[in-house]
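S.K.: Before we start, here is the structure in question, set down as structure tokens.
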Amino acid sequence: MITVVALIVLLPFAGAVAGLLGSRWPRGGSRTEESNRVANRRAAWSAIVPASASLALTAWLAVWSAGALPRGSVSWSGGEFWSGLFPGATEGTLTLVETGSVPISFTLRADGLSVLLGMLVAVVALAVQVYSVGYMRDDPRYPSYSAFISLFTSAMSLVVFAGDLIVLYAGWEIMGLCSYLLIGHWWEDRANSRAAVKAFLVTRLGDVGFLFGIFTLGVAAGSFRIGDVLRADIPTGTLVTATMLLLAGVAGKSAQAPLHTWLPDAMAGPTPISALIHAATMVAAGIFIVARLYPLFLGAQPTLDVLGVVAAVGMLGAALAALAQNDLKRVLAYSTISQLAYMAAALAAGSDQAAIFHLLTHGAFKALLFLCAGVVIHHVGSNRMSHMGGLRTALPFTFAAMTIGFAALMGLPPAGGFFSKDAVIAAIEHSHGPAQPFLYGSALLTVGVTGAYAARAWLRTFFGPSRVEPLPEPPPGTAHVFDGREAPKSMLWPVGVLAVPALLLGFAGLPDVDWGSAAVSLLVALLGAGGVYAFWRSAPRQDPARMLGPFRVVCERAFYVDELYRSLFARPVLRLARAVARADGQLVDGAVRGSGRLTIRLSGFVRLAQNGNTQLYVTGLLAGLLLITVAAVVLA
Amino acid sequence: MNWLLILLPAVPLLGAAGTVAVSGRTASRYGVAVSAAVLAIAVAVAAVFDYGQAGRMQLQTDLPWIPGLGLRFHLGIDGISLPLVVLTALLTFLCFLHLAGHPPEAGRTRALVFTLLVLEVGMIGTFLALDLLVFFVFFEVVLIPMYFVIAIWGGRDRRAAAVKFILYTLLGSAVLLLGLLVVWAQAGTLDMVDLAASHGSGIARSAQIVAFLAIGIGLAVKTPIWPLHTWLPDAHTEAPTVGSVLLAGVLLKMGSYGFARIAVPVLPEGAEALAPWLGALAVIGIIYGSLACLAQRDLKRMIAYSSVGHMGFVLLGFATLTPVGMNAALFGNIAHGLITGLLFFVVGGIKERYGTADLMKLGGGMLRRLPYVASLLTFACVASLGLPGLAGFWGEMLALLGAFQPAPGLSRPLFLVFMAVGGVGTVLTAAYFLVMLSRVTHGRARETVPVGPALASAEEIRVVLGPDEPIEPVATGTAVAEAGPPRAIPMRDVTAHELAAWLPLVALTIAFGVWPKALLALTTPAVHAIFGIGGGTG
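Chains as they are written, first to last, in our numbering: chain S, 1 to 636; chain E, 637 to 1174.
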């Protein structure tokens, strides 16, 4: 079975290599329309075929894991929430790399948790690949774009199925690289390029802590293998240190405060990328890793408390920021931060089941929302909601799909988000800890704000007067304008397919619904949405965000965190860099050049004696002779 | 007596002598042939090498040289030197391949071939020598040809850079020689195998510290260690492409190899006393080099400073005095040779096309103008910033892991600080590479006036543009400057010779990144032998 797991990881990688090297082969330099079309077609095949195969294999793995007894596989302690659904597990080691210290084992492992996440990754990746064929139809760089998505899929699968922390870290970083490359896909625009660099650097900062956390665990357990680390008996102090360090990487990757600033800017990438990487999968990797190592986090209560506070601050702040944004994608980006904070809150409250449940439903409905937003943006030729409005007649299919997505986001039954968000809030309600009241209050408040911003986006996009102005030539960085009414079929199919899990996935949690807390949060969400509706109704042309009053600008700028970081870190580092460069030229190298000059000057003194004057030489000779004679007489 | 190891330095030496007989036109092809032969021998050595005994010296040759002084011509190879020897042979071969397609602008190809072959003798000899004085001789042999490479075939300020290079490194060598003589005086032998086997017994602690200091300073100039690095940016900026590649790819490794072969195994007590200082200088170098890179305006200078940062990780590995740290240093050595070699090749290609390596003058949009060159530049930068899955990662990661748990005699809190600082260094490394990539490869192509080989005729432009793009009237060379608003002149993307020289480095970077065991299995037994750990357990 481990071969299947390896294939799930390797097939998209092979697709990436084929797409990158084979699309334009053998006439690499040619950029005619004809050769672009051929290259795009080849690239599409080499992207979609491996993604489909990978999805089929993941499905097979899921069936095997759900039905089969864990024959010949490692034994499990059981008790994890997934062990009822997917009891089958397997692990395989390719080789053990001696490092001179703790060895690294190239190990893959598949259990219930990886199967769940693997399914999410495979489904969304395939949907996005199919969608991109239409979305990026005339883009001459489509081959590299689809190849990077394939590479990303491979890296994410590696994270999900890794059996060793260093192997996991490798996938983790390669995902970051793909994110960088894809955010910067339209690199002609400097702003996109800057956003890409920012995304990589902020996540990399967190990853340094993450790597040190891995060191701490690996050295304490004597092995980097996840199974060994979970079994090892690690003292509490070490556990707290290690999990705190891991939390830095989690905050970076999952865009949690204080390392969340890269995600809204990452919306500069093509919309399908936002759906795949910056909503459904990569940003969920941080939550996944906590769930993967959850027994360790349960042993380190201080870490969970910190996580709870971070989540509480992040979820409300991001939701408020989402309420004031004008860019549709940025609304969704802030909502992603807010929803990821819900998952983190569930983890902090002690329920990894609720967190992973919300991760899965969120992956489905947020990917759906982004793909729908892509259709809208494609149609309008702009990201701004002030350019949209009244689109429900022009885009009926997208309207229906996006309504499902927004309903799930707000947590309205029967959409998936209702059940998973209820599970999270119930878990928070029943948890104990110093941060619990704070967390619970913040979570409820956020439910209301979520209802408000989702309703605002929905109304501003699909209702009210039409503000669409036909743009003859869209600016670079936005997809081109369609004259047709709806997007091509290759874009609508993935939307339709994703709408199904967004609507139905939640029923998996039907038996566990806590109806009391569900009713409370439903009421709060409707209150928020109703408030926005009332404001919108009074003046449909104006932005309901004006209800925030003077607070609106603060929210729109996301509480000036970006400006704070710029003046606190970015500028001082650049100043320091210039100072170092100056000092290197003047001080360090100056000393070297100075020693050279000093030598020449010293040699000048010595040269004074060698002036060619015979009298001076003879005088010196006689003086020396005299000295020797006197010395001989005195000492003798 | 083993002929293979004698042949390794002998073939390029005879080849250098043979340049007398070839004409200037065929010289570069002759160079390719000779270096290919050396590479073939190096591969043969790797083939007959007994990988089960990688910790032991193999294929030894031990002949009396100056019996009165007890000097012996002692060569041998083990898991530490084998990768470096193959790397040297490979890089030299690739340099000749590059040279065959891109003859030096200053002409005198035959002389350059001669110089590079002599350089190869010195480089390979350094890695094979097992006698302290033989090591020193080869170490010195390298300097003279490198001086000429910079001074004759270099850029505008080549004279000053070459003089600085030779004076600085000769000064370092003098101190190194003093240190070697202290070892000789104390231990009574110059044989590195005997010295390493005795693990410093027979040399007093104070003498060990003095000797380690002297040898360390000598090697520090070559490696280079902050603050003895300032010859490096000048030399790199002025050196021709092949000179930069060999300088970064091999010459810097001779310094760090000296630590692995002489300083740490022969003088363990000296190493233990001075390791905290070495570690401190290493992490200062990491941060300092990265910050200096962030503010550089010249591409070649920036890569040169990045070497200071990367060699900082190598030295941090040594400073931990642990097997994992040594492994990290040896891995980092090879990875840096491959990646920075590639970087200098690519940047050399860019300078050849644009006529400048100044970031301001380069403008942006290289991905549009030269998609393949820009993609390879991106790859090299990403490899250099230590992305897992590529070779650069393992050296850095293992060095940090070594610092997490340094040798028992060292202060752990201090090394934890070093580790944290090194971690910040990896972020800064990513920062300067990505900022540079963003500046150069992204954005729109600003119209620069290349003084390099612009395309003259409409046919050539047609080849570059493809048949469907309209051809604008294009002026060439100086005419552009006066012909109104200058347009971006089409440039030739990567050539066949460049691909031949670059792709092996790309392939090896990926191969070692995906399969680090290929190198670690070779170095681990040798490292264990240094620390006197028997068997394969650590």
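Glycine included, C-beta positions come from ideal geometry on N, C-alpha and C.
Between GLY1038 of chain E and VAL960 of chain E, how many whole angstroms is the CB-CB distance? I'm expecting something under 8 Å.
M.R.: As a working note, residue 1038 of chain E is residue 402 in the second sequence. As a working note, residue 960 of chain E is residue 324 in the second sequence. Between VAL960 of chain E and GLY1038 of chain E the Cβ distance is about 5 Å, and since that is below 8 Å, they are a contact.
S.K.: Which residue or residues does DSSP assign as beta-bridge partners of ARG225 of chain S?
M.R.: The sequence position of residue 225 of chain S within the first sequence is 225, counting from 1. Answer is S:ASP164, bridged to ARG225 of chain S.
S.K.: If you draw a straight line from the alpha carbon of VAL749 of chain E to that of ALA591 of chain S, how long is it in whole angstroms?
M.R.: Locating residue 749 of chain E in the second sequence gives position 113, where the first residue counts as 1. Locating residue 591 of chain S in the first sequence gives position 591, where the first residue counts as 1. Their backbone Cα atoms lie some 36 Å apart in a straight line.
S.K.: Would you mind reading off the limits of the alpha helix (DSSP H) that contains VAL634 of chain S?
M.R.: Within the first sequence, the letter at position 634 stands for residue 634 of chain S. Unbroken alpha helix (DSSP H) run through VAL634 of chain S: 614 to 635.
S.K.: Quick check on ARG692 of chain E - is its C-beta less than 8 Å from some C-beta in chain S?
M.R.: The count along the second sequence starts at 1 and reaches residue 692 of chain E at position 56. No, ARG692 of chain E lies away from the interface with chain S (no Cβ there is under 8 Å from its Cβ).
S.K.: For chain S, find out if any of its Cβ atoms is closer than 8 Å to the Cβ of SER1074 of chain E; answer yes or no.
M.R.: By one-based count along the second sequence, residue 1074 of chain E stands at place 438. Yes, SER1074 of chain E lies at the interface with chain S (some Cβ there is under 8 Å from its Cβ).
S.K.: Would you tell me roughly how many angstroms separate the C-alpha atoms of VAL573 of chain S and ALA255 of chain S, rounded to the nearest one?
M.R.: Counting from one through the first sequence, the residue named residue 573 of chain S turns up at place 573. Counting from one through the first sequence, the residue named residue 255 of chain S turns up at place 255. Whole-angstrom Cα-Cα distance: 23 Å.
S.K.: Would you mind reading off the limits of the alpha helix (DSSP H) that contains PHE611 of chain E?
M.R.: Past the boundaries of the shown model lies residue 611 of chain E; chain E is included only from 637 to 1174, so the question cannot be answered.
S.K.: Touch check for the region 885 to 893 of chain E and the region 759 to 770 of chain E: three-plus C-beta pairs under 8 Å?
M.R.: yes
S.K.: Identify whether LEU177 of chain S lies in helix, strand or coil by the three-state DSSP scheme.
M.R.: The residue given as residue 177 of chain S occupies position 177 in the first sequence. Helix.
S.K.: Rounded to a whole number of angstroms, what is the C-alpha to C-alpha distance between PHE161 of chain S and GLY213 of chain S?
M.R.: One-based indexing of the first sequence puts residue 161 of chain S at position 161. One-based indexing of the first sequence puts residue 213 of chain S at position 213. If you draw a straight line from the Cα of PHE161 of chain S to the Cα of GLY213 of chain S, it comes to about 20 Å.
S.K.: Between which two residues does the beta strand (DSSP E) containing HIS734 of chain E stretch?
M.R.: Against the second sequence, residue 734 of chain E aligns to sequence position 98. HIS734 of chain E: not part of any beta strand (DSSP E); member of the alpha helix (DSSP H) spanning 717 to 737, first to last residue.
S.K.: If you follow the alpha helix (DSSP H) that LEU695 of chain E is part of, which residue opens it and which one closes it?
M.R.: By one-based count along the second sequence, residue 695 of chain E stands at place 59. Run containing LEU695 of chain E: none in the alpha helix (DSSP H); it sits in the beta strand (DSSP E), 694 to 702.
S.K.: In the DSSP assignment, find the unbroken alpha helix (DSSP H) run with VAL1163 of chain E in it and report its ends.
M.R.: The residue given as residue 1163 of chain E occupies position 527 in the second sequence. From DSSP, the alpha helix (DSSP H) with VAL1163 of chain E extends over 1153 to 1166.
S.K.: Comparing the C-beta of ARG194 of chain S with each C-beta of chain E, is any distance below 8 Å?
M.R.: Translated into the one-based positions of the first sequence, residue 194 of chain S becomes position 194. Yes, contact with chain E.
S.K.: Do LEU951 of chain E and ALA1043 of chain E count as a contact pair if the criterion is CB distance below 8 Å?
M.R.: For the purposes of this step, residue 1043 of chain E is identified with residue 407 of the second sequence, where counting begins at 1. For the purposes of this step, residue 951 of chain E is identified with residue 315 of the second sequence, where counting begins at 1. Cβ distance not < 8 Å, so ALA1043 of chain E and LEU951 of chain E don't count as in contact.
S.K.: Would you decide whether GLU1118 of chain E is buried or exposed? Buried here means 16 or more other CB atoms lie within 10 Å of its CB.
M.R.: Here residue 1118 of chain E refers to the residue found at position 482 of the second sequence. For GLU1118 of chain E, the predicted structure reports a pLDDT of 38, less than 50, and the residue's modelled location is therefore unreliable. The matter cannot be settled from this model.
S.K.: So, helix, strand or coil for LEU707 of chain E, using DSSP?
M.R.: Counting from one through the second sequence, the residue named residue 707 of chain E turns up at place 71. DSSP places LEU707 of chain E in strand when its eight states are reduced to three.
S.K.: Using the beta-carbon count (16 or more within 10 Å), is PRO703 of chain E buried or exposed?
M.R.: Locating residue 703 of chain E in the second sequence gives position 67, where the first residue counts as 1. Under this definition PRO703 of chain E is an exposed residue.
S.K.: Any residues in the region 169 to 181 of chain S with a beta carbon nearer than 7 Å to a beta carbon of chain E? Which ones, in chain order?
M.R.: TYR169, ALA170, GLU173, ILE174, LEU177
S.K.: Should the region 287 to 307 of chain S be regarded as contacting the region 352 to 372 of chain S, the criterion being three or more beta carbon pairs within less than 8 Å?
M.R.: yes
S.K.: Against chain S, which members of the region 844 to 864 of chain E pass a CB distance test of less than 7 Å?
M.R.: PRO863
S.K.: Report yes if the C-beta distance between HIS835 of chain E and ASP767 of chain E is below 8 Å; otherwise report no.
M.R.: Counting from 1 along the second sequence, the entry for residue 835 of chain E is found at position 199. Counting from 1 along the second sequence, the entry for residue 767 of chain E is found at position 131. Not in contact: HIS835 of chain E and ASP767 of chain E (Cβ atoms no closer than 8 Å).
S.K.: Quick one: Cα of ALA843 of chain E to Cα of PRO904 of chain E, how far?
M.R.: Mapped onto the second sequence, residue 843 of chain E falls at position 207. Mapped onto the second sequence, residue 904 of chain E falls at position 268. Approximately 11 Å, taken between the alpha carbons.
S.K.: For the beta strand (DSSP E) that contains SER538 of chain S, what are its first and last residues?
M.R.: Along the first sequence, one-based indexing puts residue 538 of chain S at 538. SER538 of chain S -> not in any beta strand (DSSP E); alpha helix (DSSP H) instead, spanning 515 to 538.
S.K.: 8 Å is my cut-off, CB to CB: does GLN689 of chain E come that close to chain S?
M.R.: Counting from 1 along the second sequence, the entry for residue 689 of chain E is found at position 53. GLN689 of chain E does not count as touching chain S.
S.K.: Counting beta carbon pairs with one atom in the region 443 to 451 of chain S and one in the region 517 to 526 of chain S, are three or more of them shorter than 8 Å?
M.R.: yes
S.K.: Report all residues from its chain with a CB closer than 6 Å to the CB of LEU626 of chain S; omit the five preceding and five following residues, and keep chain order.
M.R.: Position 626 of the first sequence holds residue 626 of chain S. None.
S.K.: Helix, strand or coil: how does DSSP classify GLU1095 of chain E here?
M.R.: Looking up residue 1095 of chain E in the second sequence gives position 459. Below a pLDDT of 50, predicted positions are generally treated as unreliable, and GLU1095 of chain E, at 44, falls in that range; no measurement from the model is reported.
S.K.: Give the DSSP bridge partners of ARG384 of chain S, in chain order.
M.R.: To locate residue 384 of chain S, count along the first sequence from 1; it is residue 384. Bridge partners of ARG384 of chain S according to DSSP: S:ASP327.
S.K.: Would you mind telling me which residues of chain S sit closer than 7 Å to ALA940 of chain E, beta carbon to beta carbon, in chain order?
M.R.: Taking the first residue of the second sequence as position 1, residue 940 of chain E is located at position 304. What ALA940 of chain E touches in chain S: nothing, since even the nearest Cβ is about 11 Å away.
S.K.: Measuring CB to CB, does ALA16 of chain S end up less than 8 Å from ALA147 of chain S?
M.R.: Along the first sequence, one-based indexing puts residue 16 of chain S at 16. Along the first sequence, one-based indexing puts residue 147 of chain S at 147. Yes, they are a contact pair.
S.K.: Any idea which residues DSSP pairs ILE104 of chain S with across the strands?
M.R.: Mapped onto the first sequence, residue 104 of chain S falls at position 104. S:VAL97.
S.K.: How would you call GLY624 of chain S, buried or exposed, if buried means at least 16 neighbouring beta carbons within 10 angstroms?
M.R.: Here the question's residue 624 of chain S lines up with position 624 in the first sequence. So GLY624 of chain S counts as exposed.
S.K.: Among residues of its own chain, excluding the 5 on either side of ILE802 of chain E, which ones have a beta-carbon nearer than 7 Å to its beta-carbon?
M.R.: For this step, residue 802 of chain E is matched to residue 166 along the second sequence. Counting only Cβ-Cβ distances below 7 Å, and skipping sequence neighbours, we find LEU779, TYR783.
S.K.: Go ahead and pull the three-state DSSP assignment for THR90 of chain S.
M.R.: On the first sequence, position 90 is the one that residue 90 of chain S refers to. Note: THR90 of chain S maps to strand in three-state DSSP.
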